[in-house]
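Following the UniProt record's numbering, the numbering of the sequence shown begins with 1 at its first residue and continues without gaps.
All C-beta atoms, glycine included, are put in the ideal place defined by N, C-alpha and C.
Written out below as C-alpha cells is the structure these notes cover.
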Amino acid sequence: MKKSFFFLFAFALFFSAQAQVLRFGVKAGANFADFSGSDAKDLSSEMKVGFHIGALIEFKLFENFSLQPEVMYSTKGAKFDNIGEIEIDDVDLNYITVPVLARFYLISDKLSLDVGPQFAFLIDDNLEETFESKSFDFAALAGLSYHFTDNVFAQLRYVAGLTDVSEDAEIKNQVFQVSLGYRF
C-alpha cells in the first residue's frame, strides 16, 4: 500500500511541473454493486447499495485532455439468499481504490468522458474463512463527468472488475457509481 501512495505522490510531482493546470478535489457518492462472472450466474443476488469517498488530482495537459488519479474508500459487494453451504445475507468488500483516469473534454470544460484502470486494495470483508476473498482487485472504468461550475461536478461511472474477488469462485465486482464533487 505504501508503494501505491509513493507512486501516486511521485506521479503528482512529475506532472505538476508539466501540467498547465493542477486542480485538487474531493468527492463522495453512492455505489450500486453486484457480482458478475460465470459463477455469479448460479447465485441469486441483488445490487448492494454502498458509498465511496475520496480525493482527486486533475492534471490538465492539453485543452481537451487531463489525467486524473484518485484515492477513494469504496464499499462493494452484493446481497445474496445464500452462497452454497454458507448462509449469508450481504457480502461486504471494503477497498481503497486508486483509479487513474484519462479525461477527454467533449464540450469545453463542462462534459467529459473518463476512462482508465482502477487498482483496488481490500482492507476489510465480512466473509468466513471458507470463502476467501483476494486482497487485490483490478478493474476498467468508464463514465461521464459534468461540471456545473468551475468547482462543482457530478459523475456517473461503470466499474467492471477484471479479476476475481475470490480464490474459490469466478466472481468479479461490477459497480455503478453516482458522485458529487468539489474542485478547489
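Residue span of the beta strand (DSSP E) that contains T97, given as start and end
One-based indexing of the sequence shown puts residue 97 at position 97. For T97, the enclosing beta strand (DSSP E) stretches over residues D90 to I107.
Nonlocal neighbours in the same chain, by C-beta distance under 7 Å from H147, ignoring five residues either side
Mapped onto the sequence shown, residue 147 falls at position 147. The residues D109, K110 and F153, in chain order, have a CB closer than 7 Å to that of H147 in the same chain once the five nearest residues on each side in sequence are set aside.
For F136, write down the residues that DSSP places opposite it in a beta bridge.
In the sequence shown, the residue the question calls residue 136 occupies position 136. For F136, the pairing in a beta bridge is given by DSSP as F121.
Beta-bridge partners of M72, as assigned by DSSP:
Sequence index remark: in the sequence shown, residue 72 carries index 72 (1-based). Within the DSSP bridge table, the entry for M72 names G54 and T97 as partners.
Counting only the same chain and skipping the five closest in sequence on each side, list residues whose C-beta sits under 8 Å from that of D90.
Start at 1 with the first residue of the sequence shown, and residue 90 comes out as number 90. Within the same chain, D90 has close Cβ partners K48, G77, A78, K79, F80 and N126.
Counting along the chain, where does the beta strand (DSSP E) carrying V165 start and finish?
To locate residue 165, count along the sequence shown from 1; it is residue 165. First-last for V165: undefined, no H or E at that position.
Take G116 and list the residues in its own chain whose beta-carbon comes closer than 7 Å to its own, dropping the five residues that flank it on each side.
Within the sequence shown, residue 116 is the residue found at index 116, counting from 1. Excluding sequence positions up to five before and after G116, its CB lies within less than 7 Å of the CB of P99, V100, L101, A102 and L141, all in the same chain and listed in chain order.
Starting from the C-beta of N94, find all residues in its chain whose C-beta is less than 8 Å away, skip the five residues before and the five after it, and write them out in chain order.
One-based indexing of the sequence shown puts residue 94 at position 94. The residues Y73, S74, T75, K76, L122, I123, D124 and D125, in chain order, have a CB closer than 8 Å to that of N94 in the same chain once the five nearest residues on each side in sequence are set aside.
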